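Worksheet: one structure, shown below.
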Amino acid sequence: MKKKMLCWALLSTLLALLPALAMAEGNAITPEIAASIDWTALVVAVIGVIGTAVSALIGRVWVKYVRPWLEQRDLTDAAKIVVEAVEALLGRYCGEDKWKLALEKMQERGFNVDSDIVMDALRSAWKRLDIDQMASGEKEKMSEIMTC
């Protein structure tokens, strides 16, 4: 919190001193126009500061929110695709075989099946498929997930 306050204080001080810097440059070149400000230098400096702040903000948002969301989305989509494919390949009433095949398929896709996150994503996709089948009338009760 202190770092943010210090950064904002320095930024506002810099912005407050930019007109004085522009006036000093103008006085050195043309002393008779001492009251005028070189707006070009001021605008260029402000644009540079804003551009730097925006690029830093975008980088922070990417690292903190977008990249983790994309990684989780990739895992969720992969688990859903694998569970639906295994269901289509083996059909119903083969719970343990489907679970083993789903783990193999996830491992083939490069996911670590020993990870809790991967197992949770698979279980979630499995339950979602059960719920969808019950909603469509294909199934009457939820099947048990066979864990290895």
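Using the working numbering, read the sequence shown as starting at 20 and increasing by one per residue. Beta carbons are placed, not taken as given, at the ideal position from N, Cα and C, and that holds for glycine. A quick note: this is a predicted structure, and the numbers were derived from the prediction, not measured.
Assigned exposure category for residue i - 16 Cβ within 10 Å defines buried
i           : result
residue 139 : exposed
residue 141 : buried
Nearest-angstrom Cβ-Cβ length linking residue i and residue j, presumed shorter than 8 Å
i           : j           : result
residue 137 : residue 94  : 7 Å
residue 68  : residue 30  : 7 Å
residue 116 : residue 122 : That pair is no contact at about 11 Å.
residue 124 : residue 101 : 5 Å
residue 169 : residue 143 : Summary: the structure shown does not reach residue 169, with the chain confined to residues 20 through 167, and so no result is reported for it.
residue 158 : residue 152 : 4 Å
Helix, strand or coil at residue i [DSSP, three-state]
i           : result
residue 112 : coil
residue 142 : helix
residue 103 : helix
residue 2   : In this structure the chain extends from 20 to 167, so residue 2 is not present and cannot be described.
residue 158 : coil
residue 147 : helix
residue 16  : Limits of the chain in this structure are 20 at one end and 167 at the other, which puts residue 16 out of reach.
Separation of residue j from residue i, as counted between CA atoms
i           : j           : result
residue 149 : residue 21  : 51 Å
residue 36  : residue 74  : 23 Å
residue 131 : residue 82  : 23 Å
residue 28  : residue 63  : 20 Å
residue 86  : residue 129 : 18 Å
residue 60  : residue 72  : 18 Å
residue 107 : residue 155 : 16 Å
residue 32  : residue 23  : 14 Å
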